[in-house]
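*Asks:* Please see the structure below; I have some questions.
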Amino acid sequence: MSASIESFAGRVVRCERLREDREVQGDVVIVGTGAGGGVAAEILARAGLKVILVEAGDFKTRADFHMQEAEAYPELYQEVASRKTMDKAITILQGRALGGSTTVNWTICFYIPEPTLKHWAGRYGLGMFDEQELSPWYEEMEKRLRVQLWTRHNPSNLALQRGAKKLNWKHEIAHRNVHNCRSLGYCGTGCPVDAKQSMLITTIPGALQKGAMLLTRCRADRLKWKDGRVEMLECSALDSKGSDTTGVRIRVRARHFVVAGGGIESPALLMRSQVPDPSALLGRRTFLHLTAGSAAMMSERIDPYYGAPQSVYSNEFLWRDGVDGEVGYKMETAPLHPVLAATAFKAWGQAHAGFMHQIPHIQPLIALLRDGFHEDSPGGRVHLRDDGTAVLDYPITDYLWRGARAAFASMAELQFAAGANKVLPLHSDARLYGNWKQARKAIADLPMQPLHAQLFSAHVMGGCMMGPDPERSVVDTDGNHHQIENLSVIDGSLFPTSIGANPSMPIYALAARQASRLAKRIRS
Amino acid sequence: MPTHPPREHSPARRRFLQTSFAGVLVLAGSSLVVRRSLADTAAAANPYAWLEDQDALIVRRVAPVLLSGALPDGKARGEVLDEIVYGFDLAVSYFPPSVRGEIRQLFDLLRNSITRALLAGMFSSWEKATPAQIEHLLKRWEHSRFRLLRSAYAALHDLVAGAWYGNPRSWPRIGYPGPPVLK
Ligand SMILES: Cc1cc2nc3c(=O)[nH]c(=O)nc-3n(C[C@H](O)[C@H](O)[C@H](O)COP(=O)(O)OP(=O)(O)OC[C@H]3O[C@@H](n4cnc5c(N)ncnc54)[C@H](O)[C@@H]3O)c2cc1C
């Protein structure tokens with residue numbers, strides 16, 4: 001156990017308060033403190049390297065987490081939790097916080113599914129990532145983050161279990177990275193009791209204890225490189241809201257530079273820095289686990305805002321049509337707090353008020369489509385706006401629309417089997433359906449179009465694809481940039497496809513592996 | 001910083017109704033520039049972090065229609081509307097400049113009498129707009145065949161609904177008991 005983050009306040013520079021430009025120096029600078037950056041920081045610091053952490057999010061501790069959406073979304077998420085793809089069709093949830101998305105994530109933990117690893121081995125030359133290679137790293141991170149099997153299911157997860165059982169669909173219970181969890185249900189607004197083993201309370205204090213320095217409200221703008229080596233990272237101080245720059249600049253010099261800003265932001269930083277991109281894959285193949293939702297009205301109280309958000313899941317449709325057949329989806333529940341519900345349901349007036357009135361009885365299901373396994377699912381592409389900020393262009397192909405339609409149907413079927421009185425697919429042309437037969441018929445006719453179906457993502461992946469071949473990947477299988485020798489990427493942006501399961505644990509495990517190898521490399 | 005990469009996917013013409021309010025405003029011959037410089041000088045007196053008085057008026061008029069059936073009546077209503085405008089403003093003030101810019105364009109479009117009539121079918125000023133006219137606007141945008149208008153609807157919807165349901169005053173009305181009290 002490491003001491004809590006408050007005790008290291010002296011090693012933290014809150015850049016919104018800086019009045020003058022600053023220059024700092026270390027052995028390694030890490031951009032981003034999420035799943036990838038947090039894990040890498042602790043390992044590199046423990047290896048005796050002087051680590052500098054650069055984070056756009058604000059310095060927060062559990063005392064700042066009040067289980068209020070109105071506070072958490074502006075302060076802990078990218079773009080007030082309503083980041084959109086370029087055509088505004090998909091809402092992307094991503095953390096922008098000390099601890100990255102792990103500070104707001106829902107703590108369910110999975111491995112990279114076997115079929116995904118096989119697909120990667122066959123298609124992308126990633127055969128080194130087999131079970132034998134990965135399992136010690138999973139083990140290490142499971143211990144570090146106190147991962148445990150979760151058995152105290154809330155009514156929402158019990159409904160998923162009940163429905164799947166009734167239909168004879170596969171279903172299992174999940175692991176979570178929590179300790180002394182009180183089942184509050186507010187993982188998404190920052191854990192107020194430090195039960196969630198996010199980077200905020202584990203690896204970040206762990207790194208600070210070993211002498212790391214942390215810069216918050218500090219945005220990495222670009223890497224200055226020459227002759228195949230990065231010399232410096234240029235950053236801007238952000239104001240207290242994180243929305244604008246203050247004009248103060250921070251320059252960071254180091255021997256090695258780790259980019260861990262997550263999907264979208266990591267490739268964007270490399271694009272702004274105009275690093276070589278001979279494979280033309282930088283920012284491309286960005287995946288989302290495109291997610292559709294369905295709301296069931298149950299007679300009993302569900303209180304979908306309370307309890308561990310996700311603890312039961314169904315893989316019934318995940319691989320049903322083979323790895324590279326029709327897109328498969330994992331089915332899970334989601335926590336539903338008032339703002340999330342009010343914005344996910346796009347009606348207005350009486351229809352909206354009536355829906356919100358039902359909230360204690362709503363059972364929300366989500367289906368996460370594993371994108372990237374089929375040629376009709378090439379993912380999205382990061383663009384830079386004129387001001388250098390990133391936006392994801394993610395065209396939703398017919399292949400994905402077919403998957404979304406199938407997912408709406410499966411969710412409704414499961415919810416009726418679980419005892420729903422009515423089911424509402426989150427789609428602006430859908431109605432409340434009273435039984436499965438009616439729902440099935442209606443869903444078959446719903447127009448599958450952007451801004452009709454409500455689509456979400458909380459799992460941005462890819463954009464800095466790893467692989468052995470510089471012609472076909474951005475970084476190598478250790479995350480080291482193919483062309484720039486002292487630059488690595490360590491986060492979810494490495495994946496060549498989505499993984500088909502919630503990605504935090506795979507990111508932790510790969511980060512641990514990559515950072516350990518990097519530590520050796522830097523010291524030698 | 002590098003400029004925007006070329007948009008090879010779709011010609012600008014097809015895109016303007018998909019992604020840019022600015023295009024619509026230009027086509028409508030809006031006198032944006034003049035208005036903006038006037039607004040800049042007036043900004044000091046305004047109580048909001050980002051909204052201008054005219055924008056706040058729009059939010060205040062749209063909210064009771066968008067949230068009809070959800071807000072309290074009587075004296076409380078005025079207070080609640082103030083809080084919704086405040087919550088809306090606060091959320092926008094946290095957006096990065098690029099997103100704030102898009103919302104600015106949306107308000108410009110709603111404030112400009114030509115674009116308002118053209119795209120929202122609203123021929124009166126916001127001061128005089130009736131609930132029926134605002135309902136008409138919401139219906140039209142909610143189901144528009146233009147993605148841009150659908151996304152404008154979604155933005156207004158989410159900011160207004162988010163501002164209300166993030167407010168603890170809304171919770172007893174929907175049976176949400178609120179976060180547990182920590183001991
Ligand atoms: C609401 C939500 C719920 C989730 N639930 C689960 C779950 O239950 N289980 C699961 O497995 N996964 C879950 N995830 C996903 C998981 O948390 C993420 O996939 C994972 O944290 C991604 O790790 P990362 O290192 O790639 O990026 P992140 O964890 O997102 O961290 C990136 C960090 O880098 C910072 N950053 C980016 N660019 C810059 C820059 N230029 N300068 C400075 N800082 C920068 C960002 O502010 C951010 O803090 C959830 C995600 C969300 C948003």
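Those protein sequence lines, which keep their order, are chains L and H.
Everything in the first sequence is counted per the numbering used here, starting at 1 for the first residue and increasing by one.
Everything in the second sequence is counted per the numbering used here, starting at 1 for the first residue and increasing by one.
We treat Cβ as the ideally placed atom computed from N, Cα and C, and that holds for glycine.
Bridge partners of L/R381, per DSSP?
*Replies:* For L/R381, which the question treats as bridged, DSSP gives the partners L/D393.
*Asks:* Would you kindly report the start and end of the unbroken beta strand (DSSP E) that includes L/M331?
*Replies:* Run containing L/M331: 329-333, per the beta strand (DSSP E) assignment.
*Asks:* Return the residue from the list L/A40, L/N486, L/G492 that minimises the CA-CA distance to L/V275.
*Replies:* Minimum Cα distance to L/V275 is reached at L/N486.
*Asks:* So, at 8 Å on beta carbons, what are the nonlocal neighbours of H/V152 in its own chain, with the 5 sequence-adjacent residues on each side left out?
*Replies:* Contrary to the premise, residue 152 of chain H reads as Ala rather than Val in this sequence. Excluding sequence neighbours, H/A152 sits near F21, L106, L109, W141.
*Asks:* Following a CB-centred definition, is L/A195 positioned closer than 7 Å to any heavy atom of ligand 1?
*Replies:* Checking every heavy atom of ligand 1 against the Cβ of L/A195, none is found closer than 7 Å.
*Asks:* What did DSSP end up calling L/Q274 once you bin it into helix, strand or coil?
*Replies:* Three-state DSSP puts L/Q274 in coil, outside helix and strand.
*Asks:* Name the chain L residues whose beta carbon is nearer than 8 Å to that of H/W171?
*Replies:* By Cβ distance, chain L contributes P338.
*Asks:* Is L/V193 close to chain H? Criterion is C-beta to C-beta, closer than 8 Å.
*Replies:* Closer than 8 Å to some Cβ of chain H, the Cβ of L/V193 qualifies, so yes.
*Asks:* Going by DSSP, name the residue or residues bridged to L/Q454.
*Replies:* BP columns for L/Q454 are empty, so no partner.
*Asks:* Rounded to a whole number of angstroms, what is the C-alpha to C-alpha distance between L/D58 and L/S240?
*Replies:* Approximately 8 Å, taken between the alpha carbons.
*Asks:* Please classify L/K422: does DSSP put it in a helix, a strand, or coil?
*Replies:* Looking at L/K422 - three-state DSSP - the assignment turns out to be strand.
*Asks:* Please say whether H/W126 and H/I58 have beta carbons closer to each other than 8 Å?
*Replies:* Contact flag set, yes.
*Asks:* Identify, in the order they occur along the chain, each residue of the same chain with its Cβ nearer than 8 Å to the Cβ of L/S488, setting aside the five sequence neighbours on each side.
*Replies:* Closer than 8 Å at the Cβ level, and outside the excluded window around L/S488, lie H256, F257, V258, V259, V475, D478, G479, N480, H481, Q514, L518.
*Asks:* Could you work out which residues of chain L lie near H/A91, taking near to mean beta carbons separated by less than 9 Å?
*Replies:* By Cβ distance, chain L contributes A70, Y73, P74, V80, S82.
*Asks:* Identify every run of the alpha helix (DSSP H) within the region 140-178 of chain H, keeping only runs that are complete inside it and at least 4 residues long; order them along the chain.
*Replies:* Fully enclosed alpha helix (DSSP H) runs of 4 or longer: 147-165, 171-174.
*Asks:* Can you tell which of L/G419, L/Y399, L/Q132, L/R405 has the C-alpha that lies nearest to the C-alpha of L/A430?
*Replies:* The shortest Cα separation from L/A430 among L/G419, L/Y399, L/Q132, L/R405 belongs to L/R405.
*Asks:* If contact means a Cβ-Cβ distance below 7 Å, which residues of the region 363-390 of chain L contact chain H?
*Replies:* For the region 363-390 of chain L, which is checked against every Cβ of chain H, the residues closer than 7 Å are H383, L384, R385, D386, D387, G388, T389.
*Asks:* Is there at least one non-hydrogen atom of ligand 1 closer than 7 Å to the beta-carbon of L/M331?
*Replies:* Checking every heavy atom of ligand 1 against the Cβ of L/M331, none is found closer than 7 Å.
*Asks:* What residue does the beta strand (DSSP E) around L/R219 start on, and which one ends it?
*Replies:* That run of the beta strand (DSSP E) goes 218-226.
*Asks:* Indicate the three-state DSSP secondary structure (helix, strand or coil) for L/A89 in the structure shown.
*Replies:* In this structure, L/A89 counts as coil in the three-state DSSP scheme.
*Asks:* Tell me whether the beta-carbon of L/D27 lies closer than 8 Å to the beta-carbon of L/K50.
*Replies:* In contact: L/D27 and L/K50 (Cβ atoms closer than 8 Å).
*Asks:* Evaluate the contact criterion for the region 452-464 of chain L versus the region 260-279 of chain L: three or more CB pairs, one atom per stretch, below 8 Å.
*Replies:* The region 452-464 of chain L vs the region 260-279 of chain L: in contact.
*Asks:* Using a Cβ-Cβ distance cut-off of 8 Å, determine whether L/D398 contacts chain H.
*Replies:* False, the Cβ-Cβ gap to chain H never drops below 8 Å.
*Asks:* According to a CB-to-CB cut-off of less than 7 Å, which residues of the region 144-166 of chain H neighbour chain L?
*Replies:* Listed by position along the chain: R147, R150, S151, A154, H157, D158, A161, G162, Y165, G166.
*Asks:* Mind pulling the chain H residues with CB within less than 7 Å of L/A511?
*Replies:* None at all; the shortest Cβ gap to chain H is about 27 Å.
*Asks:* Since L/G349 meets chain H, which of its residues come closer than 9 Å, beta carbon to beta carbon?
*Replies:* Under the 9 Å cutoff, chain H gives V65, L66, L67, S68, G69, A70, E135, L138.
*Asks:* Spatial neighbours of H/V85 within its chain, please: CB distance less than 8 Å, with the 5 preceding and 5 following residues excluded, ordered by chain position.
*Replies:* Only Y48, L51, A56, V59, R60, A63, A163 meet the Cβ criterion.
*Asks:* Can you tell me which of the three DSSP states L/T497 falls into?
*Replies:* Note: L/T497 maps to coil in three-state DSSP.
*Asks:* Pair every Cβ in the region 199-206 of chain L with every Cβ in the region 216-229 of chain L, then say whether three or more of these pairs are closer than 8 Å.
*Replies:* No: the two stretches stay apart, fewer than three of their Cβ pairs being nearer than 8 Å.
*Asks:* Tell me the DSSP secondary structure of H/R35 in three-state form.
*Replies:* Only weak support exists for where H/R35 lies, its pLDDT of 49 falling under 50; the coordinates are left without a value.
*Asks:* Which complete beta strand (DSSP E) runs does the region 196-262 of chain L hold, if anything under 3 residues is left out?
*Replies:* DSSP runs (the beta strand (DSSP E)) wholly in the region 196-262 of chain L: 213-216, 218-226, 229-238, 245-253, 256-259.
*Asks:* For ligand 1, any of its heavy atoms closer than 7 Å to the Cβ of L/P503?
*Replies:* Yes, the Cβ of L/P503 comes within 7 Å of a heavy atom of ligand 1.
*Asks:* From the DSSP output, in three-state form, read off L/A292 for me.
*Replies:* Looking at L/A292 - three-state DSSP - the assignment turns out to be strand.
*Asks:* Measuring straight from C-alpha to C-alpha, what distance separates L/G37 and L/I30?
*Replies:* In a straight line, the C-alpha of L/G37 is about 6 Å away from that of L/I30.
*Asks:* Using C-beta distances below 7 Å, list every residue in its chain close to H/R134, excluding the 5 sequence neighbours before and after it, in chain order.
*Replies:* Looking at the sequence provided, one finds Ile at residue 134 of chain H rather than Arg. The answer, listed in chain order, is R61, V62, V65.
*Asks:* Could you pull out every residue in the same chain whose Cβ sits closer than 7 Å to the Cβ of L/L3, ignoring the five residues on either side in sequence?
*Replies:* A small correction: the amino acid at residue 3 of chain L is Ala; Leu does not occupy that position in the sequence shown. Cβ within range, chain order: P205, Q209.
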